[in-house]
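> In this note's numbering, the protein residues as written are 7 to 101.
Yeah, the Cβ is synthetic: ideal placement off N, Cα and C, and Gly gets one too.
On a predicted model such as this, the values are computed, not experimentally measured, just so you know.
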């Protein structure tokens, strides 16, 4: 009977090790999701801001007509980063 109890304890210890390892990969996946998901919006927002400043520098009177579409486009680009954050949170807490 002692052998069966030892086997059960070993199985429980192995289950704990597997759970800990899967938790580590889960958090790695969440970090990777937000890391990769934030690169695109960061590059896009920088590019949008750069081009808007170039356009305003060439034609300062058009600043009002350039600024509104720029802010709207930045909001759309930022939404992609927020989606990546939501996915990372779901990976971290749900799966």
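Between the beta-carbon of residue 39 and the beta-carbon of residue 90, is there less than 8 Å?
Locating residue 39 in the chain shown gives position 33, counting from the first residue. Locating residue 90 in the chain shown gives position 84, counting from the first residue. A contact, by the Cβ cut-off of 8 Å.
> Quick one: is residue 43 buried, meaning 16 or more other Cβ sit within 10 Å of its Cβ, or exposed?
Position 37 of the chain shown, counted from the first residue, corresponds to residue 43. Its Cβ being crowded by 16 or more others within 10 Å, residue 43 is buried.
> Quick one: using the 10 Å Cβ neighbour count with 16 as the cut-off for buried, is residue 4 buried or exposed?
A query on residue 4 cannot be resolved here, the shown segment of the chain reaching from 7 to 101 and no further.
> In whole angstroms, give me the CA-to-CA distance for residue 88 and residue 70.
The residue given as residue 88 occupies position 82 in the chain shown. The residue given as residue 70 occupies position 64 in the chain shown. Cα to Cα, the separation comes out at about 27 Å.
> Taking residue 80 as the reference, give the member of 32, 56, 37 with the closest Cα.
Taking the first residue of the chain shown as position 1, residue 80 is located at position 74. Selected option, being the one with the closest Cα: 56.
> Cβ of residue 36 within 8 Å of Cβ of residue 83?
Position 30 of the chain shown, counting from 1, holds the residue named residue 36. Position 77 of the chain shown, counting from 1, holds the residue named residue 83. Cβ atoms of residue 36 and residue 83: not closer than 8 Å.
> Could you pull out every residue in the same chain whose Cβ sits closer than 8 Å to the Cβ of residue 76, ignoring the five residues on either side in sequence?
As a working mapping, residue 76 is identified with position 70 in the chain shown. Closer than 8 Å at Cβ, skipping near neighbours: 54, 55, 58.
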